[in-house]
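Protein chains in written order, with our numbering: chain E, 90 to 506; chain D, 90 to 506; chain A, 90 to 506; chain Z, 90 to 506.
Pasting the structure below:
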């Protein structure tokens, strides 16, 4: 650890929460250099839906390297990019009758959001974006303006403008009444507010505390956006790619977003990739190369990401995800019931235990770490324990992880009484 | 190509300039699926200093995968990250007596710049940044405000604030006089300008047209920054990592930047990585996790990047780079001399032929493509042909590439008369 | 009128609504050059609380001129300024136990608001201001950012930042629930909102449609401001100086604003003056001359404004104002009852008839003009007829004006059925 | 003075520099309540070109009051407004073949500038304004962004955006070279600068230190503006209305500004008035009432301002102004020659002695005050003594004032050696 303390920036965060050095990882387990094995309920903050070192992907990547595949291509055309695009169209878009263009950009979620914001502003000729409380959309200046958390915002060093924050469904002033207030404000020519270029929303606020928006609220939001001539941007970066039990978190809701931002899980293996799905009529507003990025064409991510899409060729993984999600939800609900103010919530295999107390939840996460389980606090002041294991986690790892968590909650909550 | 036309965003750029589908790549050659081989004088916009599919790196990556290495780790500590950090400190920093902290962020150059801007604003408590004409620093809103090119700026859709642009050394109003004007303005309490948080500069503006700043101008800029209590940020993203014949483009200049932004070449293999070198006294201003990013810990990049550092354990590659750079420079100078207004410039193995006419330079690039050479126009209106082959390019590929270029220039220039 | 059409800017507004040339004015009547007399229920948009050419003020001004009084003094001390300050302290502040500093600035309401915003930002070190829907605070860039009306905002030509608009009490999403939403947002560190420097509010939105805030809402707003460490700025520019039946519109409400903006009526005669009342602990943050203005020291306004203060040495005028206000209110309520959707509201001698239809209200105002009564539409799309006659209006003028209005409403509303 | 200390804001400035209470004023003299008489070389910061209590204006105002003239009219048409407009057209515009619309706004210079900026942005659809170092254009947020002085800018409390400052002719980096730098930057699509909506400039920077722009520089600036499709706004607020020996400071220069801002001297008597002269093709972009203001129609100012225009019906006053200006200039040049680093400059009856030392110049101003002369320091750190007596000053007052100044300079400069 000395090397890190001596040479790495003080900004390092997770390495403080998990003070060990990891040497290898396989499916839902990480092993540190001392040989201690950890069950991973964190999965790279939602990246590793298909586990660490997924064997199909490993083989595909090795084959790709050995064949001198094009690892880096900017936005030149390559055979592996074509395979990815083609598979995505066939497996994901066509079965849903979704007609979208795929835009690749610098391979980070924040870059996807920045590109979406640019396009929404271009299409509408408007500047303002509406984002929601607890929303997390990235760290670069454009997306950071949409991110709600003060800790991140304070690092900007300049005013974060051109974004208005409204209460998320679950907040005071939120719900359908909150959207009615927004609608009335935009319809009032003397409200001081002008119709926005876009609304950007996560259907489930993952970093924000696993707050799950209802279908009715999301539909009302979409209607508001359409009535105002504003775009609806769904940031699926953490909860897309199968996490909720279907490819998109909003499948079957009747939603028809203008732009869908994807990253994290889309490259499959943990290698970077980001992609926006953009309605063709909006996409037509782009001029060639207006939003570039050196690392756009990532061969490894196309290869592994193409493998990942095979999991969506049938319903097996998604059915299992729903089943296990229900089981985890039951366990968390039962656990929460034992403590005042503690609640459980989630959807599919993103589940959460809201401890309502940051110190306690951090103590629980630390206790889990000591006992061999990686979980991450999220939400305001880190009050919420988020569970996002790989969808491919073996049953016994899942069970063992849940037991470690249950015991850790008991240990900490009893000590705190 | 149909798949791309049907499904990929209209924003695609390089795939229009190079209308083929690449299937494989090795060192300085890319091969399309029709079997046509291209000599690569573009090298992934400066990423592939050590060639496509560098054999040392290939093997290291395969070994890493087969050993279930940790491919994705956010900013948790891993053994391969430690190896990279340690090698960078030993090979690059210590021999130069440079004392910097290494900060990893979302693996794109723009993300490195955004982090640098945040820190400079935090450290100084000031908002304004000075950037230079033709500067290119990225596409996300904070770095885009530093990027000078109108085409990119127009895509923002909101005013780009908190950045002042000054003429680069080679522009009208630039030079040492330009810096004297800036100094006088900052010393005048009634100039309307306030001392900035930082100056951000590329020692060689790669995208901006291969404009090479002189040592005296860079030293004057550094003195100005220090006198104003502003930070000096050097954006080494395209010209660092050995491109100019030494690891840093500013080696031996007496420069002592506060922050150095690295990306592109640092991961070695074309896999994403970005890193800032930050003076410890500035780095101490970061709070843990204030600038996060999902894809910070890229195992493949640490493994390949560590291999890349071996090229700097002795002088062989850098000596060769200088030698070949001089040869390319001679050839371009001789070529330029044959045409009015055409000039040559560059440093090490980033060399350029300034055609002074965008249509001609694009025609030359197209002619090169047809004849099997990849080169990219850069600079204002793409008037400048930039040559950045892999440093590891075989002699015969280099020679063949130069000859293709020389013929293409002749063909186009004669046709245009 | 030709001279105006030929030489005056196309921006002229009232001269289009009242297409005649006025030659003289006395108390509540204006006379045009054709000799036609108009009863004035508009009173210079709230400036002329004491009538046109108030005889006490006329004499005082003539005496002042004849004695070579100092008509213009920037912020130098003059005898007449001292008289004004002293009388204001004795007549207005001391009886209310109000301890405020008087700040004079460029003699426009917008300038008073700009100064208040600067000070609030200085005192708190924060940038954001909260203003309300329908709020009107001025036309210069700082105050315009607080003004809600889109028509005015559209003229800015730049984004209007650093101000957040919230629904006024009477709007959808307003009321005490609206303030609760604001409070929850500010208490949520992940709301995307930061505590503001100040809330700026009109107790009665005069330009905004004569929307009267309740005491309970204003007190809740004040409590919110205090809890957040934000300043409460009350913009009394149109409804202060006795308009509502007491000197301040918020007298006896238990409000304790940090800054009170005054203009319009304070100079008494229609000559420009603006003044902020500032709590001494805030005022101490000003450095000498930080907010200057050439026309700060207006002798005529000090002289006439001092005369105006005599009206507040006893209760006669305020008692009469309340009595007449009640009478006008009764008449408007009865009038409104005759038409669907038409409502009446107001306080003291600012009363309004809300026609709920801009075309109709403008037709009524035009019909009134033709019949010899000046009234001004206000509110969204000008749907509201605002009645703000001089407080000193003779009884018969008041009665005649009300009858003209009643007939005009009848005429227009019947024609529109 | 106690009343002021107790009740007036700490922001008061001139009353600290001139610590007495003025009771009356006539032409170029002010008298305090102790009976001490002061010669006024400050003239209300350039307002009182025709002296305090100009007898023609006094009589006209008294007649106006006694006839119940319309003192306050917003932008309704009045007979006195028509007289003013008509006289301005006949006396000033027509003889110069100038075709401009007159726009009246809130009666402060800052308001005139705000209106000009709005219109320039509207006409061009651009946001950025270019202003110059030492420029002074007002205190409200839009004009303050154009004002260069840091002391005033620091009071804003928010970033001042959408304005770029360039060095004025007399600054390092200024001159024709400075304009050439600007031109090159705007012609370079990769400069980071976009063509501005307007350039705003004072031909003589009065507050900024009496810096006199040359005709050739102003013409080059105008050419630059025209070539870029930007408007040229001349801020004549302090040096217009005859101050330089002709009505406009730029008369006979061949300049053809798009907007001319006037205030200060235009109302003649020290009562507020502001007016923009706007080219009709630009003025046509205004919608009615888009930039309003309560105190737009000031009867007193129209009446006195109309009297002021009589001074321009023949050449007498202007010829005298030039003659006296030359005399003052000679005296100041001779005075300056006695001291190292002290210089003199000016035009017409705005002349200055540049002491190059703020403490000394303030000491001189104080010594003058003690000896019965009012002069104001201006420029950076107040280093420049500005002389702007009424144009109507009696010869003996002018002579006596100059002698007081000469002695004060001697006293202070000798004491400082």
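All residues carry an ideal CB built from backbone N, CA and C; glycine is no exception. These numbers were taken from a predicted model, which means no experiment stands behind them.
Contact set between residue 571/Z and chain D, taken where Cβ atoms lie within less than 8 Å: With chain Z represented from 90 up to 506, any question about residue 571/Z goes unanswered, as that position is not in the structure.
Runs of alpha helix (DSSP H) wholly within the segment 369 to 427 of chain Z (minimum 4 residues, chain order): 369 to 372, 388 to 398, 405 to 425
State buried or exposed for residue 265/D, treating a residue as buried only when at least 16 other CB atoms are found within 10 Å of its CB. exposed
Identify the contact partners of residue 163/E in chain D, using a Cβ-Cβ distance below 7 Å as the criterion. 103, 133, 134
Per-residue DSSP class, three states only, for residue 364/Z: strand
Restricting to Cα atoms, I'd like to know which of 165/Z, 154/Z, 133/Z is closest to residue 164/A. 133/Z
Measuring CB atoms only, is the segment 366 to 380 of chain E touching the segment 123 to 132 of chain E, in the sense that at least three cross pairs come out at less than 8 Å? no
State the CB to CB distance for the pair residue 135/E and residue 440/E, rounded to an integer number of angstroms; the pair is presumed to be in contact (CB under 8 Å). No, residue 135/E and residue 440/E are not in contact; Cβ-Cβ is about 13 Å, not under 8 Å.
Residue 167/A versus residue 159/A - alpha carbon distance: 7 Å
Do residue 318/E and residue 197/E have their CB atoms nearer than 8 Å? no
Quick check: is the beta carbon of residue 515/D nearer than 8 Å to any beta carbon in chain E? Outside the displayed span of chain D (90 to 506) sits residue 515/D, for which this structure offers no information.
At the 8 Å Cβ level, is residue 119/D part of the contact set with chain E, yes or no? yes
For chain D, find out if any of its Cβ atoms is closer than 8 Å to the Cβ of residue 291/Z; answer yes or no. no
At a CB-CB cut-off below 7 Å, which residues of chain Z make contact with residue 151/A? 151, 154
Hey, could you find the ends of the beta strand (DSSP E) residue 502/D is sitting in? First-last for residue 502/D: 484 to 505, but that is the alpha helix (DSSP H), not the beta strand (DSSP E).
For residue 157/A, count neighbouring Cβ atoms within 10 angstroms of its own Cβ and tell me buried if that reaches 16, exposed if not. buried
Which of helix, strand or coil does DSSP assign to residue 460/A? helix
Taking the beta strand (DSSP E) that residue 466/A falls in, what are its first and last residues? 465 to 467
Applying a beta-carbon distance threshold of less than 8 Å, which residues of chain A neighbour residue 332/Z? Simply none; closest approach about 14 Å.
Nearest-angstrom Cα separation, counted from residue 93/D out to residue 325/D: 33 Å
Residue interval of the beta strand (DSSP E) (run including residue 113/A): 110 to 115
Below 7 Å, is the gap between the Cβ of residue 91/Z and the nearest heavy atom of the ligand GTP? Judged by which ligands are present, the structure shown has none, so any question about the ligand GTP falls away.
From the DSSP output, in three-state form, read off residue 473/D for me. strand
Any C-beta of chain E under 8 Å from that of residue 262/A: yes
How would you label residue 138/E, buried or exposed, when you count the other beta carbons within 10 angstroms and need 16 or more for buried? buried
What residue range is occupied by the uninterrupted alpha helix (DSSP H) comprising residue 271/A? 264 to 276
Since residue 351/D sits in a beta bridge, which residues does DSSP pair it with? 364/D
Over what stretch of residues does the alpha helix (DSSP H) that includes residue 170/D continue unbroken? 168 to 177
Do the segment 211 to 225 of chain A and the segment 280 to 290 of chain A make contact, defined as three or more Cβ pairs closer than 8 Å? yes
I'd like the ranges of any alpha helix (DSSP H) spanning at least 4 consecutive residues and lying wholly in the segment 148 to 221 of chain E. 168 to 177, 198 to 213
Drop a sphere of 10 angstroms on the beta-carbon of residue 507/Z, count the other beta-carbons inside from all chains shown, and report buried for 16 or more, exposed for fewer. Residue coverage of chain Z in this structure runs from 90 to 506, which leaves residue 507/Z outside it and unanswerable.
Counting beta carbon pairs with one atom in the segment 305 to 315 of chain A and one in the segment 337 to 353 of chain A, are three or more of them shorter than 8 Å? yes
If contacts are defined as beta-carbon pairs under 8 Å, then residue 424/A and residue 498/A qualify, I think. What distance do you get, rounded to the angstrom? 6 Å
Measuring CB to CB, does residue 281/E end up less than 8 Å from residue 377/D? no
Closer than 8 Å, Cβ to any Cβ of chain D: which residues of the segment 313 to 325 of chain E, in chain order? none
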